[in-house]
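Structure first, then comments.
Protein chains: 2
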Amino acid sequence: MKVIAAAKELNYVPNLLGKQLKSGQTNMLGFFTNSVSGPYFYTLIESIARTADSLGYGLNVFVTKRHDTIQNYLFGNVVDGVIVFESRITENDAKMIEHHRIPAVFLDRPKTGDKISSITFNSYKEAFDATAYLISLGRRKIVYLAGYPDNFDSNERQRGYEDALQKYGIPVNRSLILPGLFEEPTSYSEMRRFINLHPEDVVDGILAGNDISAIGAMRALKENGINVPQDVSVIGFDDVEIARYFQPSLTTTRNPIGRQGVITVKQLVSMIAEDAKGQMVVLDGQMIVRDSTAIKQ
Amino acid sequence: MKVIAAAKELNYVPNLLGKQLKSGQTNMLGFFTNSVSGPYFYTLIESIARTADSLGYGLNVFVTKRHDTIQNYLFGNVVDGVIVFESRITENDAKMIEHHRIPAVFLDRPKTGDKISSITFNSYKEAFDATAYLISLGRRKIVYLAGYPDNFDSNERQRGYEDALQKYGIPVNRSLILPGLFEEPTSYSEMRRFINLHPEDVVDGILAGNDISAIGAMRALKENGINVPQDVSVIGFDDVEIARYFQPSLTTTRNPIGRQGVITVKQLVSMIAEDAKGQMVVLDGQMIVRDSTAIKQ
DNA sequence: CCGTTGAATGCAACCGGTTACTTAATAGAA
DNA sequence: TTCTATTAAGTAACCGGTTGCATTCAACGG
């Protein structure tokens, strides 16, 4: 009683390590990722960090590529649960996660185990719908500007794009799939190269892997006097801030990133604290029609 | 010997907490911040996380606003050193940081103690130079689109703006300082309001608190048929990705954010591991002239 | 005045490592 | 063979909390 008062007087702060060691829990979540760059990540991390904080958890961000370090952090009892995105976590690690029964949420692949959840976006359906929308505007020759080769979302989007074409009886043309790599300059130069190859017979629609590559493609179009949206209609993904303010403003699909973060943390915490089972959640995006798409004259 | 081999066989991972408790160091750095949103933060965090990783440190990101939580993490021996930006760290905390002698780096204010470093940008000088550049282009009536009211950089930039005006004999006009709040919509509406108030006599230069507010201002100008850069020349800050690709591409000042992160971590680690003293580092930015500025006809 | 009760305090063990020290085992030299 | 030098293995204490249990103390009713 007196001791506590005295401690407060001297503004004593307890050593958390002793507490964590004894109790066997750290009240920390680990976020394992390759990179934190780009609008997607900061929205996600912001959401994860705030939700974790509101539930009494702190956040550890691990950007390491060194595999031993990953293992030390994963299984060194330094976090109570882990969130995994685009990280250097191998199949073997995933098995160990399952074996150690450390609660985990995957954001870039389907769940694999009992104590594992996955919270992903419905990239396939979004791309399918966006492509169908372009077709409904009278577009028939549609480019897909792909992202990183092994990226889950990029591949899902391509699958949706191809399936939509087929559904409406348009044959898939591999030469219309360009490697934009999610980057402005690459998308710009790929598009410029394409235009130069087919000066007479350009496309009438572009489905870009993300907004920034859509902007790159539009730059190439503008340079060649091709009009957006009349000649070519363009759709991006992500709804980054600039999509709204760019001219022409960009039709795109917005994913509920903030909600992904909130659900991720809530699901993870309920696996930790209430021993809940893992769940697989697929979140639907929302297409936002702006000025970069219009019906073909 | 055999034991170690057997341990490896069973892919045993040591409990880091015991190690940390005994050794008195955690090899973790703490990053205390209000928010992680925006291009500045992800560039900074990416740089900090990678540099920390390369030096054998992990990164803890604390976005909490609860003050007891901040104290627990700050002084609970859960990190070996702290990085502070725009956080809810009070003056009292800063004193405690100094008293506990926990190494710290401030990114949003000058250093105050012996074991404390500060790594900041030279926002004053950058704004001074940018304003002087506008004046050298023949601009005399220059708006400053301010950021958040209490933001260190925004205020420093305003100081540089005012001093540059005075140096060249242009009186500072308070009505030319608009609250853009670092946001596109706010900057747009403030600029539109301003144009409507002075339909005959618009400005001929804009120094925006950041790029995104510059883009907002340019939207208002364009809507009113005012030409950039001929009628009004516009300069932003930060050189976000879109500044290069916007039309007209934006003249802006790029801060070495990545370098700030690297220096921050190196300085922090040398205070931790080599008992180095705190330093005060001011980094210079670089103005990048693009198409949003031109000499006045 | 004594016995019971409740609160407050003191004490020891434990969490899982590290470290220093002791003891055992092996190898090499006389 | 025997003694010493070197290495390996075993032991106990410690880091700073938490937890359970034993002890002390004060308060109160009988």
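If you're matching them up, the sequences are chains A and B in order.
According to the working numbering, the first sequence is numbered sequentially starting from 970.
According to the working numbering, the second sequence is numbered sequentially starting from 970.
The beta carbon of each residue, even a glycine, is placed where N, CA and C say it ideally should be.
Residue pairing of A/Leu1252 in beta bridges, as defined by DSSP: A/Phe1090.
Below the 7 Å Cβ cutoff, chain A contributes Val982 as neighbours of B/Phe1044, in chain order.
In the three-state reduction of the DSSP assignment, A/Leu1150 falls in the coil class, being assigned neither a helical nor a strand state.
Chain B has no Cβ within less than 9 Å of the Cβ of A/Gly1178. Assignment of A/Asn1142 by DSSP, reduced to helix, strand and coil, places it in the coil class. A straight-line Cα-Cα distance of about 10 Å links B/Pro1168 and B/Arg1162. Here A/Ser1202 is bridged, per DSSP, to A/Gly1174.
Under a 10 Å Cβ-count criterion, A/Asp1180 is classified as buried, with 16 or more other Cβ atoms of the shown protein chains found around its own Cβ.
Taking the CA atoms as reference points, B/Phe1206 sits about 25 Å from B/Val1032. For B/Tyr1113, the enclosing beta strand (DSSP E) starts and ends at 1111-1115. Per the C-alpha coordinates, the member of B/Met997, B/Ile1052, B/Asp1049 positioned closest to B/Leu1028 is B/Met997. A/Ile1204 and A/Ala1115 do not touch by the CB rule: their CB atoms are close to 14 Å apart, not below 8 Å. Boundaries for A/Val1005: no alpha helix (DSSP H) harbours it, and the DSSP string shows neither H nor E there. Nearest CB-CB separation between A/Arg1035 and chain B: below the 9 Å threshold. Per DSSP, A/Leu1028 lies in no alpha helix (DSSP H) segment; the continuous beta strand (DSSP E) that holds it begins and ends at 1027-1031. Neighbours of A/Phe1031 in chain B, taken as residues at a C-beta separation under 9 Å, are given in chain order as Ala1018, Asp1022, Gly1027, Leu1028. At a cut-off of 9 Å, the C-beta of B/Gln1040 has a neighbouring C-beta in chain A. Membership of A/Phe1044 in the alpha helix (DSSP H) is indicated by the continuous run 1036-1044. Bridge partners of A/Arg1223 according to DSSP: A/Gln1255. Within the same chain, Ala1245 come within 6 Å of B/Ser1239 by CB-CB distance, once the 5 residues on both sides are set aside.
The three-state secondary structure of B/Gly1107, taken from DSSP, is coil. Using a 10 angstroms sphere on the CB of A/Glu1152, the tally of other CB atoms reaches 16 or more, which defines it as buried. A/Phe1215 has its alpha-carbon roughly 28 Å from the corresponding atom of B/Gln1127.
For A/Glu1095, no chain B residue has a C-beta closer than 8 Å to its own C-beta; the minimum C-beta separation is roughly 23 Å. For A/Ile1085, none of the residues of chain B pass the 9 Å Cβ criterion, the least Cβ distance being about 19 Å. Annotation: Cβ neighbours of B/Arg1188 in chain A (cutoff 9 Å, chain order): Tyr1214, Gln1216. Using a C-beta cut-off of 8 Å, the segment 1045-1062 of chain B makes contact with the segment 983-999 of chain B, since at least three inter-stretch Cβ pairs fall below that distance. The beta carbon of B/Gly987 falls within 9 Å of a beta carbon belonging to chain A, placing the residue at that interface. The Cβ-Cβ distance between B/Val1172 and B/Leu1145 falls below 9 Å. A/Arg1019 and A/Arg1108 have their C-alpha atoms roughly 43 Å apart. Excluding the 5 residues flanking it on each side, B/Arg1078 has same chain C-beta neighbours closer than 7 Å at Ser1087, Phe1121, in chain order. Proximity of chain A to B/Ile1184 at the Cβ level (cut-off 7 Å) is accounted for by Tyr1214, in chain order. A/Gly1185: not part of any beta strand (DSSP E); member of the alpha helix (DSSP H) spanning 1180-1192, first to last residue. Look at A/Leu998 here: in three-state DSSP terms it is strand. What B/Val1074 touches in chain A, judged by beta-carbon distance under 8 Å, is nothing: the nearest beta carbon there is about 17 Å away.
In its chain, beyond the 5 residues on either side, Asp1049 have a beta carbon closer than 7 Å to the beta carbon of B/Gln994.
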